[in-house]
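Report on the following structure.
In this note's numbering, the protein residues as written are 5 to 272.
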């Protein structure tokens, strides 16, 4: 096991964000990872180890209100603030490793943040990887129609075909297991509208999705893909795979596709 280095980076709102960094002995690139809703960067240990094996520095902050970062749990009032936090983290890791290209990796809601980051700061990244990103439409936003948000936590069975993944998720004290918050849902809805009205991603982009993803269905994401699809856009849809592709039973295949894509972009 490769132990991460723990640090703090002051976010745009002034709060110290918890950051995990895994570093190769002779790094050639930086992977900036944006995790999904309700979880934290520590759940990317295996994925980070694979990227380190390909000479990456893997830098993954806990978003405000998530994991070990401060703030009311899972409360996001403006998604662009999270995007601004990602930029602060990027500047910090690039100062420690000057000259290395940055690949932005976003999973689920982190994929939404990654797309928005790409629209606002794409000059700072060499490529973008989107794992089951929340784009286009998302059925969870239907909860905004309810007078009270029901307590409907994420079903762990939707995460992976590996039952251990769901069991670990349920037992993880740093994962949020409570209901969605109206303020956060509104912020997500507003961010999706901004993305739809914004520019396409001009950096090479790889979209990964499982066709049995019930949490963020591939068909819903596809409704937003054409709005951000740039000139170099690639996709892999995995039959039978569920939501967390980096924790799926075919995760080695998924990571190989990521590293093939990254290698092609960085060596071009």
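For glycine and all other residues, C-beta sits at the position ideal for the given N, C-alpha and C.
Everything numeric in this text was worked out from a predicted model, so none of it was measured.
Item, Value
"Cα separation between residue 43 and residue 206?", "29 Å"
"Given residue 11, which residues of its chain have a CB within under 6 Å of its CB, disregarding the five upstream and five downstream residues?", "23"
"Check the C-beta distance from residue 81 over to residue 187 and give it rounded, since I have them as a contact under 8 Å.", "6 Å"
"Taking the Cβ atom as the reference point for each residue, do residue 89 and residue 15 lie within a distance shorter than 9 Å?", "yes"
"Within the same chain, show all residues whose beta-carbon is closer than 6 Å to that of residue 9, passing over the 5 residues directly before and after it, in chain order.", "25"
"State the DSSP-derived secondary structure class of residue 16, mapped to helix, strand or coil.", "coil"
"Buried or exposed: residue 182, going by 16 or more other Cβ atoms within 10 Å of its Cβ?", "exposed"
"Rounded to whole angstroms, what is the Cα-Cα separation between residue 96 and residue 34?", "12 Å"
"Give a yes or no on whether the C-beta atoms belonging to residue 265 and residue 131 are separated by under 9 Å.", "yes"
"Just to confirm my understanding: we take residue 250, look at its own chain, exclude 5 residues before and 5 after, and list those with CB closer than 8 Å. What are they?", "48, 50, 51, 111, 135, 258, 259"
"Quick one: what does DSSP say residue 2 is sitting in, helix, strand or coil?", "Lying before the first or after the last residue shown, residue 2 is absent from the chain, which here runs from 5 to 272."
"Tell me the residue span of the beta strand (DSSP E) that contains residue 209.", "209-214"
"Quick check: what's the CA-CA separation for residue 64 versus residue 262?", "17 Å"
"Just how far apart, CA to CA, sit residue 237 and residue 203?", "14 Å"
"Contact between the region 225-232 and the region 138-157 is defined here as three or more beta-carbon pairs at a separation below 8 Å; is this criterion met?", "yes"
"What are the complete beta strand (DSSP E) segments, minimum 3 residues, inside the region 104-180?", "106-111, 131-135"
"Could you pull the start and end residues of the beta strand (DSSP E) that residue 43 belongs to?", "Unbroken run through residue 43: none, as it is neither H nor E."
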